[in-house]
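Note that the sequence shown ends on residue 151 in the numbering used here; no numbers are left out.
All C-beta atoms in this analysis are idealised placements derived from N, C-alpha and C, irrespective of residue type, glycine included.
Please read these numbers as outputs of a predicted model, since none were measured by experiment.
To start, the structure under review is shown below, and the notes come after it.
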Amino acid sequence: MKIVFVALVLAASTAAAADRPTVYVQPTETSDASNATAKAKNVDFGAAVTAALIKKEVPVSVLTDPTKAQWTIRSVSSQREDSTGTKFAKIAFAGSFNFTKFEGSVQVIDNTTSAVIYAYNVKKGNFQSAADAFAKHFKNDFLAKRP
5 MKIVFVALVL AASTAAAADR PTVYVQPTET SDASNATAKA KNVDFGAAVT AALIKKEVPV
65 SVLTDPTKAQ WTIRSVSSQR EDSTGTKFAK IAFAGSFNFT KFEGSVQVID NTTSAVIYAY
125 NVKKGNFQSA ADAFAKHFKN DFLAKRP
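This is the structure:
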């Protein structure tokens with residue numbers, strides 16, 4: 005009985021995944037826009053976008069093979085950290101402890117036609133918040149309104 009149930013659940017999840025668009029998220033390195041030396045080099049915004057798509061339960065299947073995907077998600081991003089003097093001024097005068105600015109642009113491209121089917125620009129305090137914002141808007145503004 006358990007084997008039949010597991011087989012049904014697996015078949016249902018496979019069928020549901022087959023109805024979803026397939027995407028490949030290109031890995032990208034975030035550029036460092038501050039005067040600091042290589043602080044943003046280790047940020048892979050593409051990986052953050054992939055994680056956000058899964059976390060926000062966006063109805064797409066993320067693939068690791070770009071040749072099998074219907075859509076490709078490309079992004080360009082930069083991160084800037086305030087200088088020590090600016091940090092001090094923000095704490096002293098504004099009481100702010102937000103010292104990082106992250107900017108990203110994301111495009112969803114149809115692999116068959118090469119058309120950009122969705123684009124999103126984001127400015128947040130960190131790369132994870134930016135990726136989450138993209139996933140949320142991609143899900144609610146584009147995918148939910150698709151026929």
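- Rounded to whole angstroms, the separation of the alpha carbons of Ser65 and Phe49 is 18 Å.
- Burial check for Gly108: the Cβ neighbour count within 10 Å reaches 16 or more, so the residue is buried.
- DSSP links Ile77 through a beta bridge to Val29 and Val112.
- For Asn125, the beta-bridge partners assigned by DSSP are Ser109.
- Look at Asp145 here: in three-state DSSP terms it is helix.
- When the alpha-carbon of Asp145 is set against those of Gln30, Pro70 and Val112, the nearest one is in Val112.
- A distance below 6 Å between beta-carbons, with the five flanking residues on each side excluded, links Tyr28 to the following residues of its chain, in chain order: Leu67, Pro70, Ala73 and Thr76.
- Close CB contacts of Lys149 within its chain, under the 6 Å cut and outside five residues either way in sequence, are absent.
- Here DSSP, grouped into helix, strand and coil, assigns Ser133 to helix.
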